[in-house]
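Undergrad:
There are 2 protein chains.
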Amino acid sequence: MVKIAIDGMGGDFAPEVIIAGLSDVSKETDAEFILIGDKKKMDPHLKKSGIDPGRIEVIHTDENIEMGESLSGTLETKQDAPVMIGAKLVSEKRADALVSAGNTGAVVLAASKFIPMIQGIERGALATIYPSKDLNSDGPDISLLLDAGATIHCNVKHLVHFALMGHFYSKNILGIKEPRIALLNMGSEETKGGHVLTSVYKILKGISEINFIGNVEGYDLLRGVADVIVCEGMIGNISIKILEGVAGSMDVLGKKAYDSGVRNKLGMALLSNGLKELKRRMDYTEYGGAPILGFQKLCIVAHGKSNSKAVRKAIKVAETSVRNGLCEQIRDSVTELNMKLSFSEFDE
Amino acid sequence: MVKIAIDGMGGDFAPEVIIAGLSDVSKETDAEFILIGDKKKMDPHLKKSGIDPGRIEVIHTDENIEMGESLSGTLETKQDAPVMIGAKLVSEKRADALVSAGNTGAVVLAASKFIPMIQGIERGALATIYPSKDLNSDGPDISLLLDAGATIHCNVKHLVHFALMGHFYSKNILGIKEPRIALLNMGSEETKGGHVLTSVYKILKGISEINFIGNVEGYDLLRGVADVIVCEGMIGNISIKILEGVAGSMDVLGKKAYDSGVRNKLGMALLSNGLKELKRRMDYTEYGGAPILGFQKLCIVAHGKSNSKAVRKAIKVAETSVRNGLCEQIRDSVTELNMKLSFSEFDE
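Protein chains in written order, with this note's numbering: chain C, 750 to 1097; chain U, 750 to 1097.
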């Protein structure tokens, strides 16, 4: 039986959308759930939700970590926040995975504090799904970028492991047959980017199990050229936030056009398909959540602005990952690679 | 007398737009010019241009470095490329500055090879101007981001010097009274980003001559919150290329709407002001060029797709920088800072 721990208080619209998403997912699966949060606030929604009480355990806590809250000292002062309790439950094997739409940094912190890393892996990675397809082509297309901010800087081994982790997530959870793995760099040539990136390039080229397509550059991020983009957390965090900023600009553009009079209103209505399409592709709420990879158990961070659909997807992804043995696959492949490769020759 | 060396063969539309831009600028100033390139190709345009032959020296060379050309071995094999000759002229004080619309990496390479750095500065920076104003506000607004790719990784001293260099360029060349200087980071708090960035933060906060506003994040890049964005070359290069990629997506969106039938054609025509405005703000050809700072003399890289207006601006900026003593100001301020500060305490 799969059991998912869920932060009932995380995100801008909690607990309402959390419980609504949970209710939806409970109809599609036989998983069980542990919902953590403020009972007073959650109970009215729970009652309405129609979730079978036999399948859900509720753990009450008054504490919470707000979205924009600074995290310094959090580990000491907020031990009873839902994500902390959730990560502890996972570490004690009382739950198989944790889902939160709350403060990303807090989830990463909770995972790092309580859940052991997969043996041989030294750094976890926040893997963000973003819409990457060239607007020239049709159909949905997303890429996975990791790390989006769990690390700051990375060494050769960290990045190689990120590539493997991204490969398995893309293949087994996102359903991409032969994920194209790329290294985010400042040039496309193999020789670009300094010692760490050139070493990672060499190693990834030699791993026959993955489809490494080489370096990609900043302007490739929206061209849908790769399924998995590998980079250190500092770069991934800045990159993803630039794309979020662009999505924000789209909104402003749309509003401006709408406000500026009839001519533009008409234009807006007619062109809105195009703009909506662009916005939709940049809309993070459509893709469920960002897994934190590298730990023995999975934590998923859903977007803070998640609606119930996004929450439902995030919980579903957590459940699928547990059933598919995602973390175990990553573990086995890293163990095998670490036995074959000596990373020490690449140390600076 | 100011004398500017100009790469006659750099960029997608050389030599035609180079000579047209040069011709325009020659009417506004009494500067002199050295034009370097293939005489056979340049002569027809020169004849038409009406530039006073007494103010322009032409140096012929058959060699050139193409836009996308790989630069490995260039220093040995392409010593007679226009940018190499131009940088040598500057180093021999036969010219005061170099302007090229060619391969950015080649200009950086030529500068690094031939032009001495300002004493006390260890790394040069490519400073890219990009349109950063929030679409909510009116009027032009640009920011300067450095380094956009002359370096890969940076230590504390490099980044502090970049901030000073950006300050003087923004103030004296771009005409911003008290440039807001920001550090590009993965979080806004002072404690974010690891040892190097937190140390840079501390130092910049203590320099009373500059207006340091703290850390900015990826989504701030298009919000016009800072006039100078400081980061290492790897991050700056990727960030600027993401923004270029977004501008490309705008194009595709526009074309798609245009191609997809009458309804959208009408919508496109009506909304085009909004889209054009967004595109214009992301259009690099409007802002002249990217200076390479940190050297005793200035090199300016204009966009490869520069038209004559952009070339004119780049040459004008080079001339103004020479007249204003930009490099000397940077030198004096860095000397003063280096005397006050011991960077060694910040070494890891």
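Beta carbons: idealized from backbone N, C-alpha and C, even for Gly.
1. Hey, out of Phe1092(C), Asn934(C) and Gln1078(C), whose CA is closest to Phe917(C)'s CA?
2. Given this structure, state the Cα-to-Cα distance separating Ala855(U) from Asn960(C), to the nearest angstrom.
3. Use the C-beta contact count for Arg843(C): other C-beta atoms within 10 angstroms, 16 or more gives buried, fewer gives exposed.
4. Considering only the beta carbon of each residue, do Ile978(C) and Ala931(C) sit closer than 8 Å?
5. If I measure Cβ to Cβ from Gly1016(C) and keep anything under 6 Å in the same chain, skipping five residues before and after, which residues do I get?
6. Since Val807(U) is in the beta strand (DSSP E), which residue starts that stretch and which ends it?
7. Assign Gly869(U) to one of three DSSP states: helix, strand, or coil.
8. Report the rounded CA-to-CA distance for Tyr780(C) versus Gly770(C), giving the unit in angstroms.
9. Give the C-beta separation of Ser988(U) and Ile991(C) to the nearest angstrom, bearing in mind that I take them to be a contact with Cβ-Cβ under 8 Å.
10. Quick one: is Gly770(U) near chain C, going by C-beta distance under 8 Å?
11. Using a beta-carbon distance below 8 Å, is Val995(U) in contact with chain C?
12. Which of the three DSSP states is assigned to Phe782(U) in this structure?
13. Less than 8 Å between the CB atoms is what I'm expecting for Met758(C) and Asp787(C), so what's the real figure, rounded?
14. Name, please, each residue of chain C whose Cβ falls closer than 7 Å to the Cβ of Val988(U).
15. To the nearest angstrom, report how far apart Val1066(U) and Gly760(C) are at their CA atoms.
16. Closest to Arg1080(U) by CA distance: which of Arg1061(U), Met914(U) and Lys1054(U) is it?
17. Does Ser821(U) come within less than 8 Å of chain C when only Cβ atoms are used?
18. Comparing C-alpha positions only, which one of Leu1047(U), Lys1089(U), Val1083(U) and Leu1086(U) sits nearest to Thr1069(U)?
19. Counting only beta-carbon atoms, is Ile956(C) nearer than 8 Å to chain U?
20. When Cβ atoms are compared, which residues of the region 927 to 957 of chain U fall closer than 7 Å to chain C?
21. Tell me which residues share the same chain as Lys954(C) and place their Cβ nearer than 7 Å to its Cβ, disregarding the 5 neighbours each side in the sequence.
22. Does DSSP classify Ile753(C) as helix, strand or coil?
23. Taking CB distances under 8 Å as the criterion, tell me whether Met791(C) reaches chain D.
24. According to DSSP, is Thr940(C) part of a helix, a strand, or is it coil?
25. Which whole-angstrom value is the C-beta distance of Tyr879(U) and Gly994(C), which I expect to be below 8 Å?
26. If Ser948(C) and Phe1095(C) are in contact, beta carbons under 8 Å, what's the gap, nearest whole angstrom?
27. Kindly say whether Gly888(C), judged by its beta-carbon, lies nearer than 8 Å to any beta-carbon of chain U.
28. Cα-Cα, which of Val857(C), His910(C), Glu806(C) and Glu825(C) is closest to Leu1090(C)?
29. Does the CB of Arg972(U) have a neighbour CB from chain C at under 8 Å?
30. Find out if the Cβ-Cβ distance for the pair His902(C), Gly982(U) is shorter than 8 Å.
31. Between the region 897 to 924 of chain C and chain U, which residues of the former have CB atoms less than 8 Å from a CB of the latter, in chain order?
32. Quick one: does the C-beta of Met750(U) sit closer than 7 Å to a heavy atom of the ligand NAP?
33. Report yes or no: is there a C-beta of chain C within less than 8 Å of the C-beta of Ile984(U)?
34. By Cβ distance below 6 Å, which residues in the same chain neighbour Cys980(U) in space, the five residues on each side in sequence not counted?
35. Going by beta carbon distance, what residues of the same chain come within less than 6 Å of Met791(C), once the five residues before and after it are set aside?
TA: Reading off the structure:
1. Taking the first residue of the first sequence as position 1, residue 917(C) is located at position 168. Distances from the CA of Phe917(C) to each of Phe1092(C), Asn934(C) and Gln1078(C) were compared; the closest alpha carbon is that of Gln1078(C).
2. Your numbering for residue 855(U) matches position 106 in the second sequence. Your numbering for residue 960(C) matches position 211 in the first sequence. Distance between the alpha carbons of Ala855(U) and Asn960(C): 32 Å.
3. Against the first sequence, residue 843(C) aligns to sequence position 94. With fewer than 16 other CB atoms across the displayed protein chains lying within 10 angstroms of its CB, Arg843(C) is exposed.
4. As a position in the first sequence, residue 978(C) is number 229, starting the count at 1. As a position in the first sequence, residue 931(C) is number 182, starting the count at 1. Contact: yes.
5. Numbered from its first residue, the first sequence carries residue 1016(C) at position 267. With a pLDDT of only 47 at Gly1016(C), under 50, the local geometry of the prediction cannot be trusted, and no value is derived from it.
6. Numbered from 1 along the second sequence, position 58 holds the residue referred to as residue 807(U). Its beta strand (DSSP E) spans residues Ile805 to His809.
7. Walking along the second sequence from the start, residue 869(U) turns up at place 120. The answer is coil: DSSP assigns Gly869(U) none of H, G, I, E or B.
8. For the purposes of this step, residue 780(C) is taken as residue 31 along the first sequence, with counting starting at 1. For the purposes of this step, residue 770(C) is taken as residue 21 along the first sequence, with counting starting at 1. Rather than Tyr, the amino acid found at residue 780(C) in this sequence is Ala. The alpha-carbon separation between Ala780(C) and Gly770(C) amounts to approximately 14 Å.
9. In the second sequence, the residue the question calls residue 988(U) occupies position 239. In the first sequence, the residue the question calls residue 991(C) occupies position 242. With a beta-carbon spacing of about 6 Å, Ser988(U) and Ile991(C) fall inside the 8 Å limit used to define contacts.
10. As a first step, residue 770(U) must be located in the second sequence, where it is residue number 21. No - not a single Cβ of chain C is within 8 Å of the one on Gly770(U).
11. The residue given as residue 995(U) occupies position 246 in the second sequence. Taking Cβ atoms only, chain C reaches closer than 8 Å to Val995(U), which makes this a yes.
12. The residue you call residue 782(U) lines up with position 33 of the second sequence. Residue state, collapsed to three classes: strand.
13. Here residue 758(C) refers to the residue found at position 9 when the first sequence is read from its first residue. Here residue 787(C) refers to the residue found at position 38 when the first sequence is read from its first residue. With a Cβ gap of about 6 Å, Met758(C) and Asp787(C) count as contacting.
14. In the second sequence, residue 988(U) corresponds to position 239, counting from 1. What sits at residue 988(U) in the sequence shown is Ser, not Val. Those within 7 Å of Ser988(U) in chain C are Gly967, Ile987 and Ile991.
15. Sequence index remark: in the second sequence, residue 1066(U) carries index 317 (1-based). Sequence index remark: in the first sequence, residue 760(C) carries index 11 (1-based). Val1066(U) and Gly760(C) have their C-alpha atoms spaced approximately 48 Å apart.
16. Reading the second sequence from its first residue, position 331 is the one you call residue 1080(U). Cα-wise, what sits closest to Arg1080(U) is Met914(U).
17. Taking the second sequence and counting its residues from 1, one reaches residue 821(U) at position 72. Taking CB atoms only, Ser821(U) has a neighbour in chain C less than 8 Å away.
18. Start at 1 with the first residue of the second sequence, and residue 1069(U) comes out as number 320. Out of Leu1047(U), Lys1089(U), Val1083(U) and Leu1086(U), Leu1047(U) has the C-alpha closest to the C-alpha of Thr1069(U).
19. Position 207 of the first sequence, counted from the first residue, corresponds to residue 956(C). The beta carbon of Ile956(C) sits no closer than 8 Å to any beta carbon of chain U.
20. When C-beta distances to chain C are compared with 7 Å, the residues of the region 927 to 957 of chain U below that value are Leu933, Met935, Glu938, Thr940, Gly942 and Gly943, in chain order.
21. Here residue 954(C) is taken as the residue at index 205 of the first sequence, counted from 1. Within the same chain, and ignoring the five residues on either side of Lys954(C) in sequence, the residues whose Cβ sits closer than 7 Å to its Cβ are Phe961.
22. Your numbering for residue 753(C) matches position 4 in the first sequence. Ile753(C): strand per DSSP, three-state reduction.
23. Considering every chain present, this structure includes no chain D. Its protein chains are C and U.
24. For the purposes of this step, residue 940(C) is identified with residue 191 of the first sequence, where counting begins at 1. Thr940(C) falls in the coil class under three-state DSSP.
25. In the second sequence, counting from the first residue as 1, residue 879(U) sits at position 130. In the first sequence, counting from the first residue as 1, residue 994(C) sits at position 245. A Cβ-Cβ distance of about 13 Å is found for the pair Tyr879(U) and Gly994(C), leaving them out of contact under the 8 Å criterion.
26. As a working mapping, residue 948(C) is identified with position 199 in the first sequence. As a working mapping, residue 1095(C) is identified with position 346 in the first sequence. Distance from Ser948(C) to Phe1095(C) at the Cβ level is roughly 4 Å; contact confirmed, criterion being Cβ atoms closer than 8 Å.
27. Here residue 888(C) refers to the residue found at position 139 when the first sequence is read from its first residue. Reliability fails at Gly888(C), whose pLDDT of 41 lies under 50, so the model's placement of it is uncertain and no value is given.
28. Taking the first residue of the first sequence as position 1, residue 1090(C) is located at position 341. Closest by C-alpha distance to Leu1090(C), out of Val857(C), His910(C), Glu806(C) and Glu825(C), is His910(C).
29. Position 223 of the second sequence, counted from the start, is the residue given in the question as residue 972(U). By the rule that beta-carbons nearer than 8 Å mark a contact, Arg972(U) touches chain C.
30. Walking along the first sequence from the start, residue 902(C) turns up at place 153. Walking along the second sequence from the start, residue 982(U) turns up at place 233. Cβ atoms of His902(C) and Gly982(U): not closer than 8 Å.
31. Using a CB distance below 8 Å, the part of the region 897 to 924 of chain C facing chain U consists of Gly898, Ile901 and His902, ordered along the chain.
32. Summarising the ligand content, the structure contains no ligands, and the ligand NAP is consequently not present.
33. Residue 984(U) sits at position 235 when you count from the first residue of the second sequence. When Cβ-Cβ separations below 8 Å define contact, Ile984(U) makes contact with chain C.
34. Taking the second sequence and counting its residues from 1, the one referred to as residue 980(U) is at position 231. So the qualifying residues of the chain are Leu933.
35. Your numbering for residue 791(C) matches position 42 in the first sequence. These residues qualify, in order along the chain: Gly757 and Pro764.
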